Amino acid sequence: MSKPTFLHKLAHEILKSHSNTLLDLVVILPNKRAKVFLLAELKKSVSDNIFAPNIISIEDFIQDIAGIRSIDSVELLFEFYNVYLSVTEKEQQESFESFANWAKTLLQDFNEIDRYLLEPNKILKYLENIKEIEHWAVAVEKRTDLIDNYLRFWKKLPEYYHALYTYLLDKGLGYQGLIYREAVQNLNHFSENNNQQFLFAGFNALNQAEEKIIQHLLALDVAKIYWDIDETLLHDTFHDAGLFQRKFKSEWIHYKTHPYEWIVNDFTEAKNIHVIATSKSIGQAKITGSIIEKYAAENNANLQNVAVVLGEENLLLPLLHALPESVNALNITMGFSSKNNPAQLLIAKLFKLHTNALSRNGESYVMYYKDVLDILTHPLIEPYVNASGLVNKINKNNYTFITHKKITELQAESNVLFEMLFRKWNTTSVTVLENLSQILLQIKAHLSHDNEEEKITNAFVYSVYKVINKMITYFENHTNIDDIKTLQAIYKQVIDVADVSFEGEPLSGLQIMGVLESRVLDFETVIITSVNEGKFPAGKSTNSFIPYDVKKEYELPTYKEKDAIYTYHFYHLLQRAKNIYLLYNADSEGFDAGEKSRFITQLEVEKQPNHNLTFQYFNPDVPTIAYQPMLVPKTDSVIDRLKEIASNGFSPSSLTTYIRNPIQFYMQRVLRISETDEVEENVAVNTLGTIIHGTLEELYKPFIGRLLTTADIESCFQKIDAEVLHQFKEVYKEGEIKKGRNLLAFEVAKRNVYNFLKLEKAALENGDQVQIIALEQTYERLLEDNRLPIPVLIKGNVDRIELRDGKIRIIDYKTGKVEQKNVTLKNWKGLTEDIKNDKIIQILAYAFMFEKETKDLEMEAGIISFKNLNAGFLPFTFKPEKEAQSVINAEVMKAYLEEIVVLLQTIFNQDIAFEEKTN
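Count along the sequence shown from 1, add 6, and you get the number used in our numbering.
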């Protein structure tokens with residue numbers, strides 16, 4: 007950077023003022039991250055080897071004063087539950103799940119009370135009184151148990167606080183607030199035994215404890231403090247960025263006799279500020295990627311001075327996918343919630359699979375196919391479990407529910423990871439957690455440390471691994487909680503407070519960070535995302551039991567102070583930067599809506615003369631034509647394939663497929679692409695049709711070649727249930743048919759067959775003479791015409807052919823609704839141009855195939871619709887005017903074939919491409 011950074015100035019100041027006493031100097035910074043950058047600046051500023059000063063974060067420094075080890079949020083929640091159980095009567099004790107819902111908020115309030123050195127009894131008693139007043143209108147004798155329990159909770163808050171405080175102190179542990187309070191109480195002892203010099207640098211907002219400690223050390227003249235504030239922000243009494251520092255400058259006794267260091271004048275320097283609005287959050291990730299790509303191209307891929315600051319952590323993963331290949335080094339320093347962690351999602355899916363299996367039947371351990379496939383196809387599992395064969399078997403055989411025994415039989419290939427994933431959870435909680443821990447270790451073993459993407463995956467896996475191991479420790483010490491449902495509830499609660507930490511190379515490459523991680527650091531090019539109200543600044547959302555007026559009364563930070571903190575960070579990022587990109591979501595409606603941040607408006611209103619402020623709106627590229635229909639030319643090889651189909655046989659349905667959509671015909675018949683097998687959880691319409699067809703074939707098979715009698719039909723009634731069940735198992739494989747929609751489909755199939763037989767019986771009783779000639783039989787016939795390149799074989803499967811009262815009748819069963827008008831034709835012209843004629847084309851094709859076997863008997867062809875059974879047999883009818891003709895004679899056949907030849911000519915015409923129909 008052309009202008010010296012804050013850390014560069016600090017390094018020079020350290021070497022100038024403490025060159026002989028570096029070993030006795032402790033430099034305290036707002037966070038751990040800044041240490042690496044300060045050491046780098048010190049390294050640049052010296053030519054010889056020297057011992058560096060001790061550089062630590064403010065939290066570590068205060069821990070040293072207090073002499074207490076910090077406890078992490080997950081462990082703290084467990085320890086607080088121990089305390090809660092010890093001070094709460096057994097009949098009033100809540101489960102961990104409901105306890106954690108309020109405990110996390112309460113711990114935050116305890117933390118604030120301690121960091122601001124407030125009297126806990128006073129403020130917690132205040133809360134109790136507020137709640138009492140809220141219920142003052144309810145007479146004591148009229149109070150319900152619910153009100154009593156509610157008020158009892160508020161009454162017990164001081165007890166919870168003191169019990170937790172004492173419990174943690176006895177163990178030498180503490181949350182941040184407790185450590186800060188103890189550090190203040192231990193300050194005199196610390197000062198008396200100290201011979202070091204302290205240098206505080208880069209701070210902005212301080213809590214009461216930090217203020218007291220720093221002022222104490224300044225008064226003893228063993229410390230110095232360097233701020234980093236621009237005079238424009240400090241001297242503007244209305245500007246939130248200088249809110250805290252104006253307070254310190256005017257109130258601290260130290261500044262009555264000492265200068266306020268450092269006040270700089272960098273913000274008014276020349277800057278290019280690009281404000282970019284885009285649609286949705288994902289658009290911001292894409293634009294960030296393109297800005298970085300352009301910058302890398304112009305600067306020989308040197309991204310040393312570029313920082314991406316994410317106003318919203320959820321953008322991290324989309325951003326990583328949007329980064330260009332020119333980014334060869336990357337450093338991520340931000341907390342990423344475990345809620346969106348891929349490894350956490352895997353563990354959540356395992357919980358779902360096993361808890362559901364246990365609740366269904368602990369003995370046979372029945373798993374739902376979707377839960378199984380969710381795990382087997384998870385990106386952390388799929389590459390290493392070798393279960394593609396199993397996935398195919400589940401899809402092909404329609405396994406809806408799979409027993410534990412069945413799944414182990416289906417997975418022929420032995421695999422350690424697979425065995426761990428599907429190991430039964432009917433054991434103790436500790437055993438389950440140890441198994442989960444081993445699964446994560448197995449996944450980790452497959453990941454590479456050299457691949458950048460897998461490094462990030464490693465961080466995700468490790469963060470969940472740590473949580474699982476902490477839970478193992480907790481459950482080993484609390485054997486009374488040993489229920490899988492409780493285990494799942496605890497896991498859900500603790501994963502919420504666990505963050506993912508990423509490893510990276512802090513001094514090289516692109517820096518990706520959260521807002522708080524940007525403290526003390528300066529970059530030449532800064533890209534800030536999610537500069538929206540409610541994101542940056544965070545807005546009024548407060549997760550606290552302490553009301554706003556009580557916070558104001560006791561000088562606890564409210565949303566006003568939190569906004570001021572965000573304002574300082576925002577302006578600090580801009581302070582020494584030359585090129586700034588502010589990205590925000592401009593969608594004002596919908597699920598992912600956003601409103602432009604007040605910070606952008608502030609930059610506009612208070613525009614500095616040297617600031618070049620530009621506004622852009624990025625719209626996604628929307629093509630003028632939403633969808634271009636597919637067009638496939640007929641090459642020589644396609645024509646060869648069509649001739650092959652002609653030799654093997656065009657089915658009536660393939661002809662209607664071409665009419666419906668030539669591209670569909672091309673995919674299915676020419677390319678032979680079949681649909682992917684998927685589990686058919688609910689019986690599909692076509693499956694139901696296959697079942698009914700199969701049932702009628704089996705029931706009527708014994709009667710082929712002879713006259714039907716009512717006794718035959720009576721015998722069929724007895725076999726309906728067994729035959730429909732048999733057909734379901736044949737077609738639907740292992741699908742569940744004993745409950746839900748499938749049971750209804752099963753009953754519908756039985757009812758359809760029953761109604762059909764009833765119709766048949768009534769016809770026989772009316773004197774119909776019926777002889778079955780064929781059932782589900784394949785027929786074929788060569789169509790020869792000199793207009794076609796080769797003779798075409800028409801081939802298809804006919805549902806039923808019978809001789810009824812001296813007439814040949816060809817029947818096609820349809821499970822959907824068909825009416826007489828669907829099989830009535832007024833004009834032959836254009837028969838093959840309209841898909842509405844598909845049923846006519848189909849049944850006349852069957853008539854053409856069987857024509858030679860009619861032995862000069864009259865022939866008719868038609869449909870029996872199971873959704874219109876009362877209409878009976880619906881014959882093809884040619885009705886050009888008033889007179890209707892249903893007998894298929896030579897004249898009808900000639901007219902039909904004329905149209906089919908025209909259709910086949912189109913199919914074989916090399917100049918007519920396969921063109922997709924979109925309507």
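Cβ atoms here follow ideal geometry from the backbone N, Cα and C, with glycine treated the same way. Values in this document were obtained by computation on a predicted structure and should not be read as measured data.
7 Å CB neighbourhood of residue i in its chain, flanking five on each side removed
i: M7; result: Interpretation of M7 is limited by its pLDDT of 48, a score under 50 that renders its predicted location unreliable; no figure is taken from the coordinates.
i: L996; result: It is not possible to answer for residue 996, since the shown part of the chain is limited to 7 through 925.
i: E81; result: K476
i: Y480; result: F84
i: E165; result: V93
Neighbourhood of residue i by C-beta distance below 8 Å, restricted to the same chain and skipping five residues each side
i: Q826; result: A877, L880 and T883
i: S680; result: Q674
i: V52; result: L21
i: G248; result: I235, L239, L240, H241, D242 and Y574
Paired residues, beta bridge with residue i - DSSP
i: E921; result: L637
i: T339; result: M519
i: D236; result: V270
i: S420; result: Paired residues: none, contrary to the question.
i: N618; result: N278
i: G180; result: S76
i: A867; result: I816
i: G317; result: BP columns for G317 are empty, so no partner.
i: K809; result: Note on identity: in this sequence residue 809 is Leu, with Lys being the wrong assignment. DSSP lists Q777 and I814 as partners of L809.
i: V532; result: A313 and I586
i: N591; result: T284
i: K602; result: N538
i: Y785; result: G802
Residue i versus the options, residue with shortest Cα-Cα distance
i: N346; options: N308, L359, L323 and R366; result: L323
i: Y405; options: K735, K885, N895 and Y760; result: K735
i: I698; options: V754, F605 and T662; result: V754
i: L589; options: E134, F605 and L648; result: F605
i: D54; options: S25, I64, R75 and Q69; result: S25
i: S871; options: T838, I847, I817 and D917; result: I817
i: L45; options: H168, D774, K38 and A58; result: A58
i: T701; options: K888, T715 and A728; result: A728
i: T548; options: P385, I381 and K566; result: K566
i: L619; options: L130, L609, D569 and K823; result: L609
i: F43; options: R525, G289 and L175; result: R525
i: N654; options: Q724, Y554, G802 and P626; result: G802
i: V907; options: L249, K450 and G836; result: G836
i: I288; options: S660, E921 and N591; result: N591
i: K888; options: N441, T830 and E388; result: T830
i: V314; options: I74, N320 and L325; result: L325
i: T485; options: T434, Q494 and D30; result: T434
Residue j beta carbon less than 8 Å from that of residue i
i: T607; j: T294; result: no
i: I913; j: Y664; result: yes
i: L580; j: F273; result: yes
i: I490; j: L364; result: yes
i: Y633; j: T924; result: yes
i: Q350; j: I153; result: no
i: E922; j: I669; result: yes
i: L516; j: L309; result: yes
Beta-carbon proximity list for residue i, same chain, < 6 Å, skipping 5 on both sides
i: G341; result: D505
i: T339; result: R39, M519 and E523
i: N60; result: V32
i: R806; result: L781 and I817
- Does the segment 276-285 come close enough to the segment 577-591 to have 3 or more Cβ pairs within less than 8 Å? yes
- Query: Is there contact between the segment 539-550 and the segment 97-105, where contact requires at least three CB pairs shorter than 8 Å?
  - Reply: no
- Cβ pair count under 8 Å reaching 3, the segment 325-339 against the segment 349-359: no
- Item | Cβ contact check for the segment 75-89 and the segment 187-203: 3 or more pairs under 8 Å | no
- Given 8 Å, three or more beta-carbon pairs between the segment 856-876 and the segment 822-841: yes
- Message: Below 8 Å, how does it come out for the segment 423-439 and the segment 460-473: are there three or more Cβ pairs, yes or no?
- Response: no
- Determine, using beta-carbon pairs with one atom in the segment 177-184 and one in the segment 114-134, whether at least three such pairs fall under 8 Å. yes
- Item | Three-pair Cβ contact test at 8 Å for the segment 775-786 versus the segment 708-717 | yes
- Message: With a threshold of 8 Å, are at least 3 pairs of Cβ atoms found where one atom belongs to the segment 413-426 and the other to the segment 439-451?
- Response: yes
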